[in-house]
Structures are given as structure tokens and as C-alpha cells.
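> This is the structure, below, for whatever I ask next.
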Ligand SMILES: [Fe+2]
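Residue numbers (our numbering): 1465 to 1855.
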């Protein structure tokens, strides 16, 4: 191995990267003066040996594991009750994106008096929060995709309206992140692929989002290079630690980059996940080429830069799209949303909800509800050729 897979980084937050570094979890808690942390994880991990080891390492920690995919307000409320009843002083958010988002939301809400939806990512609503009431978070991702560990938001489902809401505050950003590749070696190939492409979409949408943000652009471009190199390896051999470590880094890079913005892929994927309970990364992976095709005229130059960075056979949009389609099929990602059980009966709602999703604002060209519905319909039916490009 040419370079050691270990480093301490300080942007966008404190990150301790390296295989085996979960052993430093007690140090992270001590650094943040957390004496009685609450470990928030998801149902699937509650009996996992890694959670047991974390509990052994931090004996005064309690466990809350009633979190499912696409976490909802009810999960946050249940966690909040456990947090307050147990008089905890911080959160260890441990797991995939759902556990991280739920854990971050519990820590954020622990000292607030207003309801969660008052902190949706709208205008300056985040200033409504009492910063002194936000508990510290140590984030430990076990998938390499969402990058929620370095994100300043939690995506939480409103079960009454079936809408995913982005809850934003700068201090939702975890204070310490442990990127331990050993924790991701057991991830099944399908989850590795879906979450890995989610990270790619973060980098891609951030890079193509309008606005002046060269820092994000640089991070995004290198993130895409790492995913090109290491995602197929991580899928082929889950125990490839070099691939796993680089994918964890790439996932963190994607979420760092998307402070610049996301775009149409996420705008559509959010309501699809809310209505059909589909896996977020997998949904993005399916939708990506449809939105690329719609945005074609507006991402031509940026696609050339990406194609050059990825050293594709030609430095063109076409070569980039061809490579994406090949990568998707190599990784076993379906081509149509119908293959995930998504139907057309909510098409109108999905179009209108996608149009008001905060991610839509990052699309390279403004998109209307009707246009998003059109892209969604093509993605459900798997008809890439049916996408009419943006005027
Ligand atoms: Fe995502």
C-alpha cells in the first residue's frame, strides 16, 4: 500500500480517519465532555458486534436503536424522550445515513423548545434555534455514501404530509467524526454500490450547481475520481480496506462539496423516497442519467472537465454519460424506477414536491414541477430517450 490510510483532518470538522480508529471513541467522548452519551443507531445494527464493542468502550452510554430507513419525526421524538429521560449529555450517531440523521436531530432538538419543523431549511429559520441547546455529536458512519457525518442538516420525514424535510443548523455538524474503514467491510455489495453512487451524485450535482465555490468544485472533482477508482473495487471485494477507506473519504467529500448545492436528482429522489420508501442512494443512482439528459445543454462544459478528470476515452458529455450508464449496470443498479416498485400514480405530486425541494435550487437550470414530473415519468418507465432536454 503506497500511502497509510490514516489522517487527522480539520475540515469541514474534526475527522479521525483510519482503519481501527473506532478504538478512539472514548477519547472523542472525553474531548467533548460527554460522560453519558446516547448511542443512536438503526434497528439493523442494534445487535451488531460493533455496537456491543462501542458500548463496552463507553460503559456509561445508553443505546437507542428504534430508527428505520427514511427516519421520521416519530423516530426523532422517541430518541429525544430517551435522551431527556436519561439526562444524556451528547450523542454518538452510529450507522448509515438514517441513524446519523436521526442522531443529529436528537442532539439538535435536545435543548430546543420549538417543534422540529420550525427549523426547516427555509430562509434564516435556523436562527430560531437556541445554540446553547444543541448537544455535541460524535458521528461514526458505517456506510460510505450519505456523508451525513459531515453535513449540517438532517433529512427527516414528516409522516403526516409524506414530505422529507431538511432540518438545517450550522451546529448540527458533528463535532468529531470517526472514519473507520473496518466498520464498512461487512456491507453487502448492493448497499455498497447504492451508497457509493449516492456519494458520486453528491459530488456531481455539487460540481454542476451554479454559483462561485471553487473549494467545493475541487473537493467534488477529486471525490468523483476516488469513486471511479475505488467503488468497483469495494463492490468486488468488500474486505479491500484501501478501497473502503477511500470510499469513506469520498463520501465525506461529497457532503462537504454539496454545501454548494445539489440538483434535480436529489430533488426527485426525496419525494420518491417519502412516498415509496425506496433506498435513497439507489433512487439517486437510478435517476442520475435522466436528470443529466435533461440538463444536457447546461452541463456540457462541466461534463468535459469531469471526463478529463476521470481520464475517459473522450473528454465529452457523451463519454461521461456512457461511462455513468456502464458503471450503473456493472454495479447492478436498475435502469428504471419501476424496478424499485415505484409507480406513476403519484407522478403529479412528485413533480410538485420536487420543485419545492431545496435541492432543486441547485440544478444547473431552473426546473418547473411539470419538467420534474416529466423526468420522473421517464425514469419510472426506463425511457432515457423520452427525456426532453431543458430549453
Ligand atoms: Fe444523497
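Backbone N, C-alpha and C fix where the C-beta goes; we use that ideal spot for every residue, glycine too.
Is residue 1743 near ligand 1, in the sense that its beta carbon is under 7 Å from a heavy atom of that ligand?
Because no heavy atom of ligand 1 lies under 7 Å away, the Cβ of residue 1743 does not count as near it: no.
> Quick one: residues in its chain with C-beta nearer than 7 Å to the C-beta of residue 1688, no 5 flanking neighbours on either side, listed in chain order?
1664, 1667, 1668, 1770, 1773 and 1774.
> Can you list, in chain order, the residues of its chain with a C-beta nearer than 6 Å to that of residue 1823? Leave out the 5 residues immediately preceding and following it.
Around residue 1823: 1726, 1730 and 1731.
> Look at residue 1645 and residue 1709 and say whether their C-beta atoms are less than 8 Å apart.
Closer than 8 Å, so yes.
> What's the gap between the Cα of residue 1465 and the Cα of residue 1706?
Here residue 1465 scores only 49 on pLDDT, less than 50, and its place in the model is too uncertain to base an answer on.
> How far does the beta strand (DSSP E) with residue 1603 in it extend, from its first residue to its last?
Counting along the chain, the beta strand (DSSP E) containing residue 1603 begins and ends at 1601-1605.
> Within a Cβ cutoff of 7 Å, which residues of the same chain sit near residue 1617, ignoring the five residues on either side of it in sequence?
The residues are 1585, 1630, 1631, 1632 and 1636.
> How would you write the range of the alpha helix (DSSP H) that residue 1715 sits in, first residue to last?
Per DSSP, residue 1715 belongs to the alpha helix (DSSP H) from 1705-1721.
> Hey, quick one: how far does the beta strand (DSSP E) through residue 1472 stretch, first residue to last?
Element bounds for residue 1472: 1471-1473.
> Alpha carbon to alpha carbon, how far is residue 1652 from residue 1839?
For residue 1652 and residue 1839, the distance between alpha carbons rounds to 30 Å.
> Do you know how far the Cα of residue 1654 is from the Cα of residue 1615?
Their Cα atoms are separated by approximately 24 Å.
> Please state the DSSP three-state secondary structure of residue 1436.
Lying before the first or after the last residue shown, residue 1436 is absent from the chain, which here runs from 1465 to 1855.
> Is any heavy atom in ligand 1 found nearer than 7 Å to the beta carbon of residue 1779?
Checking every heavy atom of ligand 1 against the Cβ of residue 1779, none is found closer than 7 Å.
> Would you call residue 1516 buried or exposed, if buried means 16 or more other Cβ atoms sit within 10 Å of its Cβ?
Classification of residue 1516: exposed, given that the 10 Å Cβ count is below 16.
> Where does residue 1854 sit, in a helix, a strand or coil, going by DSSP?
Coil, per DSSP.
> Could you check the C-alpha separation between residue 1552 and residue 1540 for me, to the nearest Å?
Cα to Cα, residue 1552 sits roughly 15 Å from residue 1540.
> Counting only the same chain and skipping the five closest in sequence on each side, list residues whose C-beta sits under 8 Å from that of residue 1783.
Around residue 1783: 1771, 1776 and 1777.
> Please determine whether the Cβ atom of residue 1730 lies at a distance below 7 Å from any heavy atom of ligand 2.
Within the structure as shown, ligand 2 is missing, the only ligands being ligand 1.
> Beta-carbon separation of residue 1623 and residue 1536 under 8 Å?
Cβ atoms of residue 1623 and residue 1536: closer than 8 Å.
> Just to confirm, is the Cβ distance from residue 1802 to residue 1844 under 8 Å?
Yes, the pair counts as a contact, with Cβ atoms nearer than the cut-off.
> Grouping DSSP H, G and I as helix and E and B as strand, with all else coil, what is residue 1496?
Coil, per DSSP.
> I'd like the ranges of any alpha helix (DSSP H) spanning at least 4 consecutive residues and lying wholly in the segment 1543-1599.
Taking only runs of at least 4 residues, the alpha helix (DSSP H) segments lying wholly in the segment 1543-1599 are 1561-1573.
> Where does residue 1823 sit, in a helix, a strand or coil, going by DSSP?
Three-state result, residue 1823: helix.
> I'd like the span of the beta strand (DSSP E) that includes residue 1478, first residue to last.
1478-1481 is the extent of the beta strand (DSSP E) around residue 1478.
> Got a sec, what are the start and stop residues for the beta strand (DSSP E) residue 1622 sits in?
From DSSP, the beta strand (DSSP E) with residue 1622 extends over 1617-1622.
> Can the beta-carbon of residue 1574 be found closer than 8 Å to that of residue 1544?
A contact, by the Cβ cut-off of 8 Å.
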